[in-house]
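Undergrad:
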Amino acid sequence: MADPTRIARAESATDPPSVREWLKPLESAGQRRSTSAKRVGGKAASLGRLLRDGFPVPRGWVLDARCFTELVDRQLPRGHDLATLIRLSGTKVGVDRAARARDRILSEPLPETLSTALRALWQTIAPEAPWGLAVRSSATCEDSDETSMAGLATSVLGARGDAELDAAIRQVWASAFLPRALAYLAHAGVRDVAMGVVLQVMVRAEAAGVLFTAPPAGLEGEHWRAGERLVNATLGLGAPVVDGAVAADTLRIARGGGKVVAAAVAQKRRALVVGAAGLEEVAVPAARAEQPALGEAALRQLAELAERLEQGGKGPFDVEFAVEGEDPGRLAEGAAAEGEDPGRLADDAASEGAPAAREGAPAEPRVWLLQVRPVSGGGFPEGGGADTIWSRANVGEALPGAATPLTWSVARAFSDRGFREAFAALGCRVPRGARLVANVHGRFYLNLTAFMQIAAQVPGLSPRALLGMSGGASDQLIARLAEQSAGVSRRRFYARLPLTGPRLLLRQARLEREVAAYEGEALWAQRALSELDMTLLPDDAIGTTLRSVFLLLERTGTLMLHCASASLASHLALCKALERVAGRRASARSASGEAPLDGPAGRAETNVEHLAQVLAGGVRELDSAGPGIELARVAELVMLDRASRERLLAGEVRGPRDLPEGPARDALARFLDAYGDRAVREAELATPRWREDPAPVIAMLTASLRGAPGDPERALARARALADREMAMLETRVSRVELALLRTLVGRAQRYVRLRERMRTWVTRVLGMLRKVALDIDRRLLRIEPSLLPGSVFFCTYEELVTALSSGRADVGHVVRLRRAEHLRDAARPDPPATFIGRPPPVVLPPASGVRLLGLPASPGVVEGRARVLEPGAPSLDAVAPGEVLVARTTDIGLSPLFLVAAAVVTELGGPMSHASIVAREYGIPAVVNVPGVTLAIKTGDRLRVDGDRGVVERLNERDERAAPPSPSGAAGGAQGDGAAPLAAPPE
10 MADPTRIARA ESATDPPSVR EWLKPLESAG QRRSTSAKRV GGKAASLGRL LRDGFPVPRG
70 WVLDARCFTE LVDRQLPRGH DLATLIRLSG TKVGVDRAAR ARDRILSEPL PETLSTALRA
130 LWQTIAPEAP WGLAVRSSAT CEDSDETSMA GLATSVLGAR GDAELDAAIR QVWASAFLPR
190 ALAYLAHAGV RDVAMGVVLQ VMVRAEAAGV LFTAPPAGLE GEHWRAGERL VNATLGLGAP
250 VVDGAVAADT LRIARGGGKV VAAAVAQKRR ALVVGAAGLE EVAVPAARAE QPALGEAALR
310 QLAELAERLE QGGKGPFDVE FAVEGEDPGR LAEGAAAEGE DPGRLADDAA SEGAPAAREG
370 APAEPRVWLL QVRPVSGGGF PEGGGADTIW SRANVGEALP GAATPLTWSV ARAFSDRGFR
430 EAFAALGCRV PRGARLVANV HGRFYLNLTA FMQIAAQVPG LSPRALLGMS GGASDQLIAR
490 LAEQSAGVSR RRFYARLPLT GPRLLLRQAR LEREVAAYEG EALWAQRALS ELDMTLLPDD
550 AIGTTLRSVF LLLERTGTLM LHCASASLAS HLALCKALER VAGRRASARS ASGEAPLDGP
610 AGRAETNVEH LAQVLAGGVR ELDSAGPGIE LARVAELVML DRASRERLLA GEVRGPRDLP
670 EGPARDALAR FLDAYGDRAV REAELATPRW REDPAPVIAM LTASLRGAPG DPERALARAR
730 ALADREMAML ETRVSRVELA LLRTLVGRAQ RYVRLRERMR TWVTRVLGML RKVALDIDRR
790 LLRIEPSLLP GSVFFCTYEE LVTALSSGRA DVGHVVRLRR AEHLRDAARP DPPATFIGRP
850 PPVVLPPASG VRLLGLPASP GVVEGRARVL EPGAPSLDAV APGEVLVART TDIGLSPLFL
910 VAAAVVTELG GPMSHASIVA REYGIPAVVN VPGVTLAIKT GDRLRVDGDR GVVERLNERD
970 ERAAPPSPSG AAGGAQGDGA APLAAPPE
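Numbers given in our numbering equal positions in the sequence shown, counted from 1, plus 9.
Laid out in structure tokens, this is it:
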């Protein structure tokens, strides 16, 4: 079979006349005025230039951007063109028009002559394109130094036949009308844009990924040095790597010679390929999954291509690549060994081009360049600039991943108002127009620069004091924030202090009564909603119900932030008092004298904060600890009921009714009744609550049955005993007056933590109420427009729903389809860094090298155990074994029942004062948070030592038997002497 990825220069003459009428050969793009970047788009012009310079680029064609413009002029109503929509970006009218324009483009057929050309193209190329064609955007503003549509426009892979190519082109065109793309273009100063389309033969990829030729400005550091390139690669197609949907191998290679400097090899259990029915995932054999995706020959070619690219233009460059011919039948053959369908595997092997089925297969792998563009992070988040520091290190715990539009609109409104009221209560001035929160690729980010400049008005609220508890900022970033807020005047704060000071103290003194009064009203509202038959209400009445629950949520959130402010103030006061006795105390956990409070084990302020956390531990009746304690009690009853235990372990239980009648069944029903409003990722309104879907509860209950029965009371007693020992140590070092002061401050800290967690529970309950109303609205939307999918309500904003319901015209289907498409794009994108400056970088940084990973101490204790890395979405919770160390990007409070099963907890995000950290301290299990890249550096089965006193995670064994990626020079890139990240052995 001829090589289907031949450079188009040798093949363009064979294209039928009907094809040449519409589609220009890719090598001609950017060559003359008729195929300039303004006519075919930046991506096509870039690929054409690469082809002419002799780079290996798959054969392709380009559809002129004028086709897009003519389609818009012909099919869309006046005022729905991109130039108008860019001007209207961010407005209700703009969203409505963009949604209608997108629907129109997706539904209208292409010109008949273009469809004929696509049919002729496919008939000509089909024998040479078993994996079909890739259809990509090429906007006239794209892939320049100033603008890039990366991650905003749609690409369609594996399109076969004229019908699929027709639909793919319309999908690419329609993606230009998504709100985030329009907002980006408006922010970049682009007034108008047209969309060319690139069609390329798909490479039958054994491996693929992304190469960054050098670190972009601001990303140079310990994880990625100036003289290094960064490679992310996986098996099969590279789309999951580009989108951040899978954990990929991460390699740092030297610019000179391409030697591997450091490597982290991921467990690649699945690979994306093009099968008979299109894109599909295939299982990767276990042995292959543990091996590097790229071999020596591929790495050598990548290094050579990177050097050639930099010689021809300024970088750094973002390079998407695919590797063909590196034993292309290996995945299919291994899958057959794993017991998959032999017929399907044979088809896969043939489509992948196994050596036995291909004539003239290359002797070594060949690297193909799919896209090359300048590294760009897109636009600045709303309300920020080049020096603005953004973070989700703490808020990411409550809402990890991309939020649906309804959740974002609700969270933005109540958090922004709550922050402003909390600052006003302190006597701070909040600048008019200040944006404290922003939506970054669907993620919730806090504007740290604005936040710290406001907080700096209060003496003692320094960036170091605040971020030491919330996490997410390095010493360099903290210093930068301190510099940004250094000139903030406190004159207004001091002038208002005689008024705000007594008022604040009085409110804190009354806070417990205020919470109690609120709870009475909230219970009444909750009961009233549960008794309300919403199906009988007209649309305007259900709109009123939605507004009333939203107002209750705003009040709940504001009160929770007041409790959080009081908790923060009490913690800072306790830390200040402990600093005075720092030199006169040795920790109860350091009886050997190994680390005095201000000794070399860490900064003095870090150890003081840690001691304050320990002293305030052992809080009884902590709401956030309740689900774990109660589920442990359910597990105790199940262990006494053999039939119930066997059904759970056999996977036969979906809810309480599947258990035999008895105490265990009744206890589980009571648990769901008490905690049914909770869920994993419970701040997301689209997430089913445990009452609706108890599967996560069943999975966590099943996991707890695999070990010896636990004693929840004993777990709580551990935290109290440690706090008592620390206080006993202090008694021998301080005066009676100082001791009385410390006891008072500890009591205040415990009281306000308890109130904060009570109000957080109420936020969850009110979110459950809001979800209940939203589901009724969803039923109404589906009745009006049956073509909508269930859950469409979550793709409208709160304001859009209120307007539609009050007007009696719930015609929002076009908006739902628009926002659903954008949410899918956001959800597929990799998470931006927890903290970044200016604009979100397009690069996922590699994990730290070495056996010791450093974070923040969140809960004391030192343990050893096997790692269990929890993937996003927390699947397979029942696979967690007792005594394992939970490793997660963020430990959702909905996962807290697993804390009593685990030996320790390690997370990438969060701080010592986050909800999960507080729960870990209550349960008495060690925890380390804010460990950068830990979910990439650690693999399930690695043996770890977790030191919750010092904030250190240590790998105890190497994965010597697992090969590291070889250097192009032939040296073992994974050798410890070369600086490669050591890798621990998998479980037996």
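For each residue, glycine too, the CB sits at the ideal point set by N, CA and C. None of the values given here were measured: they were computed from a predicted structure.
Within this structure, are the beta carbons of V628 and V762 separated by less than 8 Å?
TA: In contact: V628 and V762 (Cβ atoms closer than 8 Å).
Undergrad: So what does DSSP say about I463, is it helix, strand or coil?
TA: In the structure shown, I463 sits in a helix (DSSP, three-state: H, G or I).
Undergrad: Compute the Euclidean distance between the alpha carbons of N456 and F502, then round it to the nearest angstrom.
TA: Computed Cα separation, rounded: 22 Å.
Undergrad: Does the Cβ of L649 have 16 or more other Cβ atoms within 10 Å, making it buried, or fewer, making it exposed?
TA: L649 comes out exposed.
Undergrad: Among H196, L187, L142, R189, which residue has its Cα nearest to the Cα of S176?
TA: Checking the sequence shown, residue 176 turns out to be Ala, not Ser. When only C-alpha atoms are compared, the closest one is L142.
Undergrad: Can you grab the Cα-Cα spacing for the pair L535 / P414, in whole Å?
TA: It should be pointed out that residue 535 corresponds to Gln in this sequence rather than to Leu. Answer to the nearest angstrom: the Cα atoms are 24 Å apart.
Undergrad: Between which two residues does the alpha helix (DSSP H) holding I902 run?
TA: That residue, I902, is in no alpha helix (DSSP H); it is neither H nor E in DSSP.
Undergrad: For L506, collect the residues of the same chain with a Cβ closer than 7 Å to its Cβ; drop the 5 residues on either side in sequence, then sort them by chain order.
TA: So the qualifying residues of the chain are G436.
Undergrad: Per DSSP, E333 forms a beta bridge with which residues?
TA: In DSSP, E333 forms a bridge with R375.
Undergrad: Going by DSSP, which residues form a beta bridge with N456?
TA: W399, per the DSSP bridge assignment.
Undergrad: Less than 8 Å separating the beta-carbons of V811 and L555?
TA: Contact: yes.
Undergrad: When you compare each of V384, A185, V590, L208 to L94 by their alpha carbons, which one comes out closest?
TA: If we check each option's Cα against that of L94, A185 comes out closest.
Undergrad: For R145 and V775, what's the separation of their Cα atoms in angstroms?
TA: Spanning the two alpha carbons is a distance of roughly 43 Å.
Undergrad: Looking at the structure shown, is A984 part of a helix, part of a strand, or coil, going by DSSP?
TA: In this predicted model, A984 has a pLDDT of only 33, less than 50, meaning its place in the structure is not dependable; the value taken from the coordinates is given anyway. Three-state result, A984: coil.
Undergrad: Leaving out five residues before and five after T509 in sequence, what residues of the same chain have Cβ atoms less than 6 Å from its Cβ?
TA: G436, listed in sequence order.
Undergrad: Out of A575, D396, N616, which has the shortest C-alpha to C-alpha gap to V590?
TA: The option with the nearest alpha carbon to V590 is N616.
Undergrad: Beta-carbon within less than 7 Å of R598's beta-carbon, same chain only, minus the 5 sequence neighbours each way: which residues are those?
TA: Interpretation of R598 is limited by its pLDDT of 46, a score under 50 that renders its predicted location unreliable; the figure taken from the coordinates is listed afterwards. Same-chain partners within the cutoff: P869, D958.
Undergrad: Report the three-state DSSP secondary structure of L354 (helix, strand or coil).
TA: Caution applies to L354, whose pLDDT of 29 falls short of 50 and renders its modelled position unreliable; the value that the coordinates give is listed next. Reduced to three states, the DSSP call for L354 is helix.
Undergrad: Looking at C-alpha atoms only, which residue of E319, L194, G822, P468 is the closest neighbour of D62?
TA: That would be E319, whose Cα lies nearest to the Cα of D62.
Undergrad: Return helix, strand or coil for E831, following the three-state DSSP convention.
TA: In the structure shown, E831 sits in a helix (DSSP, three-state: H, G or I).
Undergrad: What residue from G50, P325, A38 has the CA that sits closest to P850's CA?
TA: When only C-alpha atoms are compared, the closest one is P325.
Undergrad: Quick one: Cα of P941 to Cα of G859, how far?
TA: Approximately 13 Å, taken between the alpha carbons.
Undergrad: Ignoring anything shorter than 4 residues, give me the alpha helix (DSSP H) runs that lie fully in the segment 31–91, in order along the chain.
TA: Those alpha helix (DSSP H) runs which fall completely within the segment 31–91 and span 4+ residues are 46–49, 51–61, 74–84.
Undergrad: Let me make sure I understand the geometry here. Which of A578, L587, P636, R715 has the alpha-carbon closest to that of V623?
TA: When only C-alpha atoms are compared, the closest one is L587.
Undergrad: Give a yes or no on contact between the segment 821–841 and the segment 791–808, applying the rule of three or more CB pairs nearer than 8 Å.
TA: At 8 Å Cβ cutoff, the stretches touch.
Undergrad: For the beta strand (DSSP E) that contains V283, what are its first and last residues?
TA: Note, V283: beta strand (DSSP E), 279–284.
Undergrad: Is the Cβ-Cβ distance between Q466 and R426 less than 8 Å?
TA: In this structure, R426 does not lie closer than 8 Å to Q466 by Cβ.
Undergrad: So who's on the other strand from M709, going by DSSP bridges?
TA: Paired residue(s): none; M709 is not in a bridge.
Undergrad: Using only the alpha-carbon positions, how far apart do C805 and P301 sit?
TA: Cα to Cα, C805 sits roughly 43 Å from P301.
Undergrad: Please list the terminal residues of the continuous alpha helix (DSSP H) segment that includes L862.
TA: Careful: L862 lies outside any alpha helix (DSSP H), inside the beta strand (DSSP E) at 861–863.
Undergrad: Could you pull the start and end residues of the alpha helix (DSSP H) that I927 belongs to?
TA: Its alpha helix (DSSP H) spans residues 924–932.
Undergrad: What's the C-alpha gap between A257 and V524?
TA: Whole-angstrom Cα-Cα distance: 47 Å.
Undergrad: Measure the CB-CB distance between L863 and V961 and report whether it falls below 8 Å.
TA: Yes, these two residues count as a Cβ contact at 8 Å.
Undergrad: State buried or exposed for Y807, treating a residue as buried only when at least 16 other CB atoms are found within 10 Å of its CB.
TA: Under this definition Y807 is a buried residue.
Undergrad: With 8 Å as the threshold, decide whether the Cβ of F460 is near any Cβ in chain D.
TA: Going by chain labels, chain D is absent from the structure shown, which holds only one protein chain.
Undergrad: Check E290 in the structure and name its three-state DSSP category.
TA: In this structure, E290 counts as strand in the three-state DSSP scheme.
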